[in-house]
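Colleague: In order, the protein sequences belong to chains L and P.
Numbering-wise (my numbering), the first sequence opens with residue 60 and increments by one.
Numbering-wise (my numbering), the second sequence opens with residue 60 and increments by one.
By construction, the Cβ of each residue, glycine as well, lies at the ideal position given by its N, Cα and C atoms.
All values derive from a computational prediction rather than experimental measurement.
Protein chains: 2
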Amino acid sequence: MTETIKSDGVRNMARTKITDVAAKAGVSVATVSYVLNHVENQTISEETRAKVEEVARELHYVSNRAASSLKNGRSNLIGVVIPQAEPGKEILLSDPLYGELLSEMEYKARRMGYHMLLSGLGDDQDYSGVVRNRLLDGVIIVGSYPAEHLSDLAELHAPVVLVDACISDARFHELTADDRAGGKLATEYLIGHGHTKIAYVGEKSEKGSAADKRYAGYADALAEHGLSLERDRVYHGKNSFAYGEKVAETVLAHPDGTTAVFAASDILAIGLMHGFALRGVRVPEDISIIGFDDLLVSRMVSPALTTIHQDIAAKGEKAVDMVLDAMVTPEKRQSETLPVRLVERDTVRRI
Amino acid sequence: MTETIKSDGVRNMARTKITDVAAKAGVSVATVSYVLNHVENQTISEETRAKVEEVARELHYVSNRAASSLKNGRSNLIGVVIPQAEPGKEILLSDPLYGELLSEMEYKARRMGYHMLLSGLGDDQDYSGVVRNRLLDGVIIVGSYPAEHLSDLAELHAPVVLVDACISDARFHELTADDRAGGKLATEYLIGHGHTKIAYVGEKSEKGSAADKRYAGYADALAEHGLSLERDRVYHGKNSFAYGEKVAETVLAHPDGTTAVFAASDILAIGLMHGFALRGVRVPEDISIIGFDDLLVSRMVSPALTTIHQDIAAKGEKAVDMVLDAMVTPEKRQSETLPVRLVERDTVRRI
DNA sequence: TTGAAAGCGCTAACAG
DNA sequence: CTGTTAGCGCTTTCAA
Numbered sequence: 060m061t062e063t064i065k066s067d068g069v070r071n072m073a074r075t076k077i078t079d080v081a082a083k084a085g086v087s088v089a090t091v092s093y094v095l096n097h098v099e100n101q102t103i104s105e106e107t108r109a110k111v112e113e114v115a116r117e118l119h120y121v122s123n124r125a126a127s128s129l130k131n132g133r134s135n136l137i138g139v140v141i142p143q144a145e146p147g148k149e150i151l152l153s154d155p156l157y158g159e160l161l162s163e164m165e166y167k168a169r170r171m172g173y174h175m176l177l178s179g180l181g182d183d184q185d186y187s188g189v190v191r192n193r194l195l196d197g198v199i200i201v202g203s204y205p206a207e208h209l210s211d212l213a214e215l216h217a218p219v220v221l222v223d224a225c226i227s228d229a230r231f232h233e234l235t236a237d238d239r240a241g242g243k244l245a246t247e248y249l250i251g252h253g254h255t256k257i258a259y260v261g262e263k264s265e266k267g268s269a270a271d272k273r274y275a276g277y278a279d280a281l282a283e284h285g286l287s288l289e290r291d292r293v294y295h296g297k298n299s300f301a302y303g304e305k306v307a308e309t310v311l312a313h314p315d316g317t318t319a320v321f322a323a324s325d326i327l328a329i330g331l332m333h334g335f336a337l338r339g340v341r342v343p344e345d346i347s348i349i350g351f352d353d354l355l356v357s358r359m360v361s362p363a364l365t366t367i368h369q370d371i372a373a374k375g376e377k378a379v380d381m382v383l384d385a386m387v388t389p390e391k392r393q394s395e396t397l398p399v400r401l402v403e404r405d406t407v408r409r410i
Numbered sequence: 060m061t062e063t064i065k066s067d068g069v070r071n072m073a074r075t076k077i078t079d080v081a082a083k084a085g086v087s088v089a090t091v092s093y094v095l096n097h098v099e100n101q102t103i104s105e106e107t108r109a110k111v112e113e114v115a116r117e118l119h120y121v122s123n124r125a126a127s128s129l130k131n132g133r134s135n136l137i138g139v140v141i142p143q144a145e146p147g148k149e150i151l152l153s154d155p156l157y158g159e160l161l162s163e164m165e166y167k168a169r170r171m172g173y174h175m176l177l178s179g180l181g182d183d184q185d186y187s188g189v190v191r192n193r194l195l196d197g198v199i200i201v202g203s204y205p206a207e208h209l210s211d212l213a214e215l216h217a218p219v220v221l222v223d224a225c226i227s228d229a230r231f232h233e234l235t236a237d238d239r240a241g242g243k244l245a246t247e248y249l250i251g252h253g254h255t256k257i258a259y260v261g262e263k264s265e266k267g268s269a270a271d272k273r274y275a276g277y278a279d280a281l282a283e284h285g286l287s288l289e290r291d292r293v294y295h296g297k298n299s300f301a302y303g304e305k306v307a308e309t310v311l312a313h314p315d316g317t318t319a320v321f322a323a324s325d326i327l328a329i330g331l332m333h334g335f336a337l338r339g340v341r342v343p344e345d346i347s348i349i350g351f352d353d354l355l356v357s358r359m360v361s362p363a364l365t366t367i368h369q370d371i372a373a374k375g376e377k378a379v380d381m382v383l384d385a386m387v388t389p390e391k392r393q394s395e396t397l398p399v400r401l402v403e404r405d406t407v408r409r410i
């Protein structure tokens, strides 16, 4: 390793490269490559192998992935995209759900020998350029993606897994929770506790989105139990704590009263709880509430939130499994729906 | 773009490359490179420039970063490391703080033309191999990093910014919040509200860590106000909701009573609140509590948590600024301490 | 069982 | 103002 001056004037240790290892070990670069990459069908004498490995260790050799990527077109990189709520702001910020999901994906990817490239995405932006530029081996998109750029994604060589996407598109693999069943479960639980004046609070969102399916489940349950879906008990807004807090007032103002709320996400439910508390309305004594997601924080609020649990850890891990599988069998389209279940805590009372 | 069969048998569209653009535009590859990279000091006729840009667009040309990285040794990639709490589990999972921080860093990096490589890290692992393998241009390490591998990091060509690190090491740039001042501020606020029996709950952690400095601030405030630091009012445990919930009982069991708690993190404070609620102890009527961090969730709990605010968004943005600056002026060591401030909400009462 | 050598696509020094 | 060309470090085919 000799001291060199780079053209930009930065003083740098020249990196050990495969030729250095080859020279010191007295073999060719090919042999070094074979040994270090554990190339199958390439028989190497035990002696040579040991020698190469020893020298590589001695020289602290680390391969240059730019070179191998250039050669073989792969990057060992999975791109994870979390589209942004607001243009230019907040990516995973607004909902802790994303942090939990990401965390799991990163851990799984790492165990499988991949790294994770994390990106937010503005409303109108296209990710396919990044995929090509960085030679990403696979892509996971969480949430919605601008419809006008879906085709560009589809033309990529890299498999794309859509997690909780609004659209169902045969060109992509998809992973969701059983949102409709969960919405139904939540609503039936309220009905089972004697509630009939049940409000729905959820994100105003595209057809086919998770929120939309949760709403459908709400409608299913009402219909099945002979309750009519009253439009004025349905509140649509942003999927945020702030909106929940704000809409609490509107919910309380319903002329006929409301005894229970199904919030389509925990973050909304927690906002509602806060809004109720602000107005001296007690949960669950005065009004019951059930959420959806089972965030880590949902058991931290007081009272602890009754909610529909989705296994976020499993979702993150599964998403990575799916891209990796798709890299091996690109022709097989994968579509998975993860089960949900009810978690009884303290925000619903029997009336 | 012709259809090719790769050696692995995968059918693939051959990528448009710079030679394709050059050929179609009737110029050399050098010219294309100059135009597309906006190379300074390289005067290109407006006509040529326009032609090249047009052709590049027509052909949907996207450069191959493996090739440029190989050539110039840079990746336009910033590595962000979040050491794991438990070996093999939970990276940013346990504390929503990380999600907020990450989010900001990613957004800033993206605006600056970089991508973010996110990694967790086991207790004994070394990141320097990744930095060399991926030619990372800069590294941000959040939290603690295994001391035995610090030297490897220091030898890298890439600048390293330690965010909230335990150690202060001249070989690295560092970014922290003013934890000690914050700890003092919190404790003084309690004292100012008439409290004298003030407990401290915080993570048992290394000397020099954020938690340690917050504790020092607590001690400062007590000393300055003539209160003695009673060891049996100091509770050390894991920085988690669960520990806060559990330790609530111990805090309440103090023979002389405790009227206020300074929790060294919001996640602990919220755990404590929950633990108190479980035991029918009201906040702030029966016991006051103040936290540290001002997480998004801290205003979501009821009552909303009084806490020391640190500007997590600013911290994330600053961290990225610092690595980018360090890439330009590697010789200048940067060390920044961000201010904190008190946010009065509803968990401390005057006695 | 090993080695020689041809690129992968791009940048930038240098020549024109 | 534009083009030629020598690599960057690695993988892999083919020959020995």
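1. Using a Cβ-Cβ cutoff of less than 6 Å, which residues in the same chain neighbour S203 of chain P once the five nearest sequence positions on both sides are dropped?
2. Quick one: is I77 of chain L near chain P, going by C-beta distance under 9 Å?
3. In or out: E163 of chain P buried (at least 16 other Cβ within 10 Å) or exposed?
4. Could you check the C-alpha separation between V407 of chain L and Y302 of chain L for me, to the nearest Å?
5. Beta-carbon separation of D412 of chain P and S324 of chain P under 9 Å?
6. Looking at V340 of chain L and I349 of chain L, is the spacing between their C-beta atoms short of 9 Å?
7. Where Q393 of chain P and A168 of chain P are concerned, what is the direct C-alpha to C-alpha distance, given to the nearest angstrom?
8. Taking the beta strand (DSSP E) that L221 of chain L falls in, what are its first and last residues?
9. List in chain order: all unbroken alpha helix (DSSP H) runs of 4+ residues lying wholly within the segment 85–166 of chain P.
10. Going by beta carbon distance, what residues of the same chain come within less than 6 Å of R400 of chain P, once the five residues before and after it are set aside?
11. Checking the sheet assignment: what are the DSSP bridge partners for T388 of chain L?
12. Hey, out of L:L281, L:Y277, L:K263, L:A282, whose CA is closest to Y294 of chain L's CA?
13. Residues in the same chain with beta-carbon distance under 8 Å from V220 of chain P, minus the five sequence neighbours each way, listed in chain order, please.
14. Just curious, the beta strand (DSSP E) that M332 of chain L is in, first and last residue?
15. Give every residue of the same chain whose Cβ lies closer than 6 Å to the Cβ of A363 of chain P, excluding the five residues on either side of it in the sequence, and list them in chain order.
16. Taking Cβ-Cβ distances below 7 Å as the criterion, which residues of the segment 345–360 of chain L are in contact with chain P?
17. Out of L:R409, L:V91, L:S128, point me to the one whose CA is closest to A319 of chain L's CA.
18. Just how far apart, CA to CA, sit I150 of chain L and K266 of chain L?
19. With 16 as the cutoff for other CB atoms within 10 Å, does A269 of chain P come out buried or exposed?
20. Could you round the C-beta distance between G242 of chain L and Y274 of chain L to whole angstroms and report it? I think they count as a contact, below 8 Å.
21. Considering just the uninterrupted stretch of the beta strand (DSSP E) at F321 of chain L, what are its terminal residues?
22. For the beta strand (DSSP E) that contains Y259 of chain L, what are its first and last residues?
23. Using a threshold of 9 Å, state whether the C-beta atoms of D228 of chain P and L209 of chain P are closer than that.
24. Look at the alpha carbon of G138 of chain P and the alpha carbon of L194 of chain L, and state the distance between them as a whole number of angstroms.
25. Would you call the CB atoms of G330 of chain P and M332 of chain L closer than 9 Å?
26. Do you know how far the Cα of K305 of chain P is from the Cα of L311 of chain P?
27. By a C-beta neighbour count over all protein chains shown, 10 Å radius and 16 as the cutoff for buried, is H284 of chain L buried or exposed?
28. Counting only beta-carbon atoms, is I329 of chain L nearer than 9 Å to chain P?
29. For the beta strand (DSSP E) containing D238 of chain L, list its first residue and its last residue.
30. Quick one: which chain P residues come within Cβ less than 7 Å of M332 of chain L?
31. Under a three-way DSSP split, which group does M175 of chain L fall into?
32. Cβ of L159 of chain P within 9 Å of Cβ of L288 of chain P?
33. So, for V2 of chain P: in the same chain, excluding its five sequence neighbours on each side, which residues have a beta-carbon less than 8 Å away from its beta-carbon?
34. Hey, is N192 of chain P's beta-carbon within less than 9 Å of any beta-carbon in chain L?
35. Under the rule that 16 or more other beta-carbon atoms within 10 Å means buried, what is E165 of chain L, buried or exposed?
36. For the candidate residues L:Y93, L:R116, L:A89, whose alpha-carbon lies nearest to that of T75 of chain L?
Modeller: In short:
1. Excluding sequence neighbours, S203 of chain P sits near P142, C225.
2. It does not; no Cβ of chain P falls within 9 Å.
3. Taking every protein chain shown into account, the CB of E163 of chain P has 16 or more other CB atoms within 10 angstroms, so this residue is buried.
4. Rounded to whole angstroms, V407 of chain L to Y302 of chain L spans 21 Å at the Cα level.
5. As shown, chain P starts at 60 and ends at 410. That puts residue 412 of chain P outside it, with no answer to give.
6. Cβ distance not < 9 Å, so I349 of chain L and V340 of chain L don't count as in contact.
7. Cα to Cα, Q393 of chain P sits roughly 18 Å from A168 of chain P.
8. Unbroken beta strand (DSSP E) run through L221 of chain L: 219–222.
9. The qualifying runs are 88–95, 105–117, 124–131.
10. If we look at R400 of chain P and ignore the five residues flanking it on each side, its Cβ neighbours are H368.
11. For T388 of chain L, which the question treats as bridged, DSSP gives no partner whatsoever.
12. When each option's Cα is compared against that of Y294 of chain L, the closest is L:K263.
13. Counting only Cβ-Cβ distances below 8 Å, and skipping sequence neighbours, we find G197, V198, I199, I200, F231, H232, E233, L234, A378, M381, V382, A385, Q393.
14. Careful: M332 of chain L lies outside any beta strand (DSSP E), inside the alpha helix (DSSP H) at 325–337.
15. For A363 of chain P, same chain residues with a beta-carbon under 6 Å away, outside a window of 5 residues either side, are R404, D405 in chain order.
16. Result list: V356, M359, V360.
17. Closest by alpha carbon: L:R409.
18. Legend: pLDDT at I150 of chain L = 48, less than 50; position of this residue unreliable, value from coordinates given subsequently. Computed Cα separation, rounded: 22 Å.
19. Counting Cβ neighbours within 10 Å, A269 of chain P comes out buried, since at least 16 surround it.
20. Contact flag correct, Cβ pair sits at about 6 Å.
21. It spans 319–322 - the beta strand (DSSP E) in which F321 of chain L sits, taken as one unbroken run.
22. For Y259 of chain L, the enclosing beta strand (DSSP E) stretches over residues 257–262.
23. Contact annotation: D228 of chain P and L209 of chain P have beta-carbon atoms nearer than 9 Å.
24. Going by the C-alpha atoms only, they are around 18 Å apart.
25. Against a cut-off of 9 Å, the Cβ pair of M332 of chain L and G330 of chain P comes out as no contact.
26. For L311 of chain P and K305 of chain P, the distance between alpha carbons rounds to 11 Å.
27. Exposed, since its Cβ has fewer than 16 Cβ neighbours within 10 Å.
28. Judged by the 9 Å Cβ criterion, I329 of chain L is in contact with chain P.
29. Boundaries for D238 of chain L: no beta strand (DSSP E) harbours it, while the alpha helix (DSSP H) harbouring it runs 238–251, taken from the DSSP string.
30. At a beta-carbon threshold of 7 Å, the residues of chain P lying near M332 of chain L are S361, ordered along the chain.
31. M175 of chain L: strand per DSSP, three-state reduction.
32. Before going on, a small fix: residue 159 of chain P reads as Glu here, not Leu. With respect to L288 of chain P, E159 of chain P sits apart: the two C-beta atoms are not nearer than 9 Å.
33. No statement about residue 2 of chain P is possible, as the shown extent of chain P runs from 60 to 410 and does not include it.
34. Contact with chain L is found for N192 of chain P, since one of that chain's Cβ atoms lies less than 9 Å from the residue's Cβ.
35. Burial call: buried.
36. Looking from the CA of T75 of chain L, the closest CA among L:Y93, L:R116, L:A89 belongs to L:R116.
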